[in-house]
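Visitor:
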Amino acid sequence: MLALAPLLSSAVMAAGAAAVALVATAVGAVVPADAQNSTVATFVSVALIVGGMAASFRVSVWMLGVVWEQERTRTVHARLAVAEERLRFSRDLHDVVGRTFSAIAVKSELAAELARRGQDGAVEQMLEVRELAQDSLREVRGVVAGYRATDLGAELDGARSVLRSAGVATRVLGEGTLLPEQVQEALGWVVREAVTNVVRHSHASSCTIDLDVVPGAGDDDLARLRITNDGVERAPGGSVGSGLVGLAERLAALGGELTATPDGATFTLTATVPLAGAVRGSDTGTRSGPGTMGAP
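The sequence shown maps to residues 402 to 697 in our numbering.
1) For residue 676, which three-state DSSP category applies?
2) Taking the alpha-carbon positions, what's the residue 600 to residue 664 distance?
3) Taking only runs of the beta strand (DSSP E) that begin and end inside the stretch 531-610, which ones reach a length of at least 3 residues, in chain order?
4) With a 10 Å radius around its C-beta and 16 neighbouring C-beta atoms as the bar for buried, classify residue 673 as buried or exposed.
5) When you compare the CB positions of residue 507 and residue 567, do they come within less than 7 Å of one another, or not?
6) Residue range of the beta strand (DSSP E) that residue 383 falls in?
7) Could you give the residue range of the beta strand (DSSP E) that holds residue 666?
8) Output yes or no for whether 7 Å exceeds the beta carbon distance between residue 526 and residue 512.
9) In whole angstroms, what separates the C-alpha of residue 463 from that of residue 473?
10) Using the Cβ count rule (16 or more neighbours within 10 Å means buried), how would you classify residue 585?
11) Hey, would you say residue 500 sits closer than 7 Å to residue 572, going by beta carbons?
12) Is it buried or exposed, residue 469, if we count other Cβ atoms within 10 angstroms and call 16 or more buried?
13) Pull up the distance between the alpha-carbon of residue 602 and that of residue 591, whole angstroms please.
14) Distance, Cα to Cα, residue 583 vs residue 658?
15) Report the rounded CA-to-CA distance for residue 598 versus residue 562, giving the unit in angstroms.
16) Starting from the C-beta of residue 610, find all residues in its chain whose C-beta is less than 6 Å away, skip the five residues before and the five after it, and write them out in chain order.
17) How should residue 497 be labelled, buried or exposed, when 16 other C-beta atoms within 10 angstroms of its C-beta is the threshold for buried?
18) So, for residue 537: in the same chain, excluding its five sequence neighbours on each side, which residues have a beta-carbon less than 6 Å away from its beta-carbon?
19) Is the Cβ-Cβ distance between residue 596 and residue 624 less than 7 Å?
20) Using DSSP with H/G/I as helix, E/B as strand and the rest coil, what is residue 496?
21) To the nearest angstrom, report how far apart residue 556 and residue 575 are at their CA atoms.
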């Protein structure tokens, strides 16, 4: 209908003009000269009315088209917003459930083995499993509510605990640098996903987590997180897990990058995020001090 609107209005105007011309000719041939002026004035008025109606019709159709286009744009934007929110939700749910379930599986297997051998410690392991399940439930509820945040310091502590339970000797190195809140949140997700992959997809005996600040392009420094383990297990065909894809998207939103580098029997995951001119030593930061924790 919108495409035909110009044709319809043009046709109406053309028909009106032709009708006026035809009537004027007929009036000149039939109506006496003294009555022609009033008759022509009448037909001119009719022609103006017809022209005004045609113009009004054209403007109305144009306005209707604008309204329809705005409504279509709003609908498209709403659908995109829904799709982005679904992607964010699935990514967050994967991050929460993946690491926690991996830790639960490791601790449950350890508890079962201790019970089979008649050794102490099975009860303690199952109590830790219960705590992990309760923590996971709270985090999942936080995902649903949209209020969950990630703290880098807490993630580093959790990494030590989970890797130690899996029998992986763990070192955490850092300069004690305070990082902006957005940066530490992004790096916290990297720690969580990397630890999940070490526990689930490798046979590592050692893992090193190294956090520092390095010069970047221009005057902006970079927060750099490197996580290296010695038990890399490559996926068939070199495929990249959905977790790493989600991490890359998170870092890209802050101008950062994520690289995965296998080197013989080791695998290094490196995340860099620009500090974006943030003032070091601000109150919104997480300190990561050096520490070493061996496997039990």
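Just so you know, even glycine gets a beta-carbon here, dropped at the ideal spot from N, CA and C.
All values derive from a computational prediction rather than experimental measurement.
Guide: Let's see:
1) Indexing the sequence shown from 1 puts residue 676 at position 275. Here residue 676 sits in coil by DSSP.
2) Translated into the one-based positions of the sequence shown, residue 600 becomes position 199. Translated into the one-based positions of the sequence shown, residue 664 becomes position 263. If you draw a straight line from the Cα of residue 600 to the Cα of residue 664, it is about 19 Å long.
3) 570-575
4) As a position in the sequence shown, residue 673 is number 272, starting the count at 1. It counts as buried.
5) Indexing the sequence shown from 1 puts residue 507 at position 106. Indexing the sequence shown from 1 puts residue 567 at position 166. In this structure, residue 567 lies closer than 7 Å to residue 507 by Cβ.
6) Outside the displayed range of the chain (402 to 697) lies residue 383, so it cannot be described from this structure.
7) In the sequence shown, the residue the question calls residue 666 occupies position 265. From DSSP, residue 666 is part of no beta strand (DSSP E); its letter is neither H nor E.
8) Position 125 of the sequence shown, counted from the first residue, corresponds to residue 526. Position 111 of the sequence shown, counted from the first residue, corresponds to residue 512. Yes, Cβ-Cβ distance for residue 526 and residue 512 is below 7 Å.
9) Residue 463 sits at position 62 when you count from the first residue of the sequence shown. Residue 473 sits at position 72 when you count from the first residue of the sequence shown. Cα-Cα distance, rounded: 15 Å.
10) Taking the first residue of the sequence shown as position 1, residue 585 is located at position 184. Under this definition residue 585 is a buried residue.
11) In the sequence shown, residue 500 corresponds to position 99, counting from 1. In the sequence shown, residue 572 corresponds to position 171, counting from 1. Cβ distance not < 7 Å, so residue 500 and residue 572 don't count as in contact.
12) To locate residue 469, count along the sequence shown from 1; it is residue 68. Flag for residue 469 reads exposed.
13) Taking the first residue of the sequence shown as 1, we reach residue 602 at position 201. Taking the first residue of the sequence shown as 1, we reach residue 591 at position 190. Taking the straight line joining both Cα atoms gives about 16 Å.
14) The residue labelled residue 583 in the question sits at position 182 within the sequence shown. The residue labelled residue 658 in the question sits at position 257 within the sequence shown. Computed Cα separation, rounded: 14 Å.
15) Stepping through the sequence shown from its first residue, residue 598 is reached at position 197. Stepping through the sequence shown from its first residue, residue 562 is reached at position 161. Their Cα atoms are separated by approximately 15 Å.
16) Counting from 1 along the sequence shown, the entry for residue 610 is found at position 209. Excluding sequence neighbours, residue 610 sits near 573 and 628.
17) Taking the sequence shown and counting its residues from 1, the one referred to as residue 497 is at position 96. Counting Cβ neighbours within 10 Å, residue 497 comes out buried, since at least 16 surround it.
18) By one-based count along the sequence shown, residue 537 stands at place 136. Closer than 6 Å at Cβ, skipping near neighbours: 501.
19) Start at 1 with the first residue of the sequence shown, and residue 596 comes out as number 195. Start at 1 with the first residue of the sequence shown, and residue 624 comes out as number 223. No, the Cβ-Cβ distance between residue 596 and residue 624 is not below 7 Å.
20) Within the sequence shown, numbered from 1, the residue matching residue 496 stands at position 95. Helix.
21) Position 155 of the sequence shown, counted from the first residue, corresponds to residue 556. Position 174 of the sequence shown, counted from the first residue, corresponds to residue 575. Near 14 Å, if we compare the C-alpha coordinates of residue 575 and residue 556.
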